[in-house]
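Novice: Take the position in the sequence shown, starting the count at 1, then add 1115; the result is the number in our numbering.
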Amino acid sequence: MDRIDPHATHAAPEPLRGGDQGTVPGGAPAGAFDPWRYRDQAGVADSDLVGYKVEATDGGIGRIDSASHEVDGSYLVVDTGPWIFGKKVMLPAGTVNQVDHDQRTVSVDRTRDQIKAAPEYDETSHSDPAYRDQLGGYYDETYGALPPGTAR
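#1: Take Tyr1190 and list the residues in its own chain whose beta-carbon comes closer than 8 Å to its own, dropping the five residues that flank it on each side.
#2: Asp1180 and Asp1194 - do their beta-carbons sit closer together than 8 Å?
#3: List the endpoints of the continuous beta strand (DSSP E) containing Ile1230.
#4: Out of curiosity, what's the CA-to-CA distance linking Lys1203 and Pro1234?
#5: Rounded to whole angstroms, what is the Cα-Cα separation between Glu1170 and Arg1178?
#6: If you draw a straight line from the alpha carbon of Tyr1197 to that of Tyr1236, how long is it in whole angstroms?
#7: Would Arg1219 pass as a contact of Lys1168 if the rule is Cβ separation under 8 Å?
#8: For the ligand ATP, I want to know if Glu1238 counts as a neighbour, meaning its beta carbon is within less than 7 Å of at least one of the ligand's heavy atoms.
#9: What number of angstroms, rounded off, separates the C-alpha of Gly1175 from the C-alpha of Tyr1153?
#10: Going straight from the alpha carbon of Glu1256 to that of Asp1217, what length do you get?
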């Protein structure tokens, strides 16, 4: 039987790159952030998420009003209730960390402040490519503000 050298460094497997998702469960995607695609490990799998509670990393933000499973265009629209004066926010699918179907909760990997500071949601422009580029770019930039040790 071979012995393991305790002084040797053992490399972790290479994270998936490109359009694939990261290898760290619950972590942010590896490689380039794809805002409009749910992560494989999130547990979405074409589920109807309308009515689920949404939890940011530091607390609840509201309930899902509508959800999309468009190929390369998936998102959640969250009714924030009294938190942001009854406004709605649009969260790209790539921000979803995990879905707990038993608790009917969706966890996203952003803080309440990051979500509140996102480009304002307008029901008439949610499918506009310029708005989607702006929103996707905003959430891509916020990965730099994630806590140390969080995988990207």
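Even glycine gets a Cβ: it sits at the ideal position worked out from N, Cα and C. Quick caveat: nothing in here was measured; it's all calculated off a predicted structure.
Specialist: With the structure as the only source:
#1: Correct list, in chain order: Trp1151, Ala1182, Ser1183, Met1205, Leu1206, Pro1207, Ala1208, His1241.
#2: In this structure, Asp1180 lies closer than 8 Å to Asp1194 by Cβ.
#3: Where Ile1230 is concerned, there is no enclosing beta strand (DSSP E), although the alpha helix (DSSP H) it sits in stretches over 1227-1231.
#4: Rounded to whole angstroms, the gap between the alpha carbons of Lys1203 and Pro1234 is 11 Å.
#5: Going by C-alpha positions, Glu1170 is about 9 Å away from Arg1178.
#6: Correcting the residue identity first, residue 1197 is Pro in this sequence and not Tyr. Those two C-alpha atoms are separated by around 16 Å.
#7: At the C-beta level, Arg1219 and Lys1168 come within 8 Å of one another.
#8: Within the structure as shown, the ligand ATP is missing, as the structure has no ligands at all.
#9: Near 20 Å, if we compare the C-alpha coordinates of Tyr1153 and Gly1175.
#10: Straight-line spacing of the CA atoms in Glu1256 and Asp1217 works out to 32 Å.
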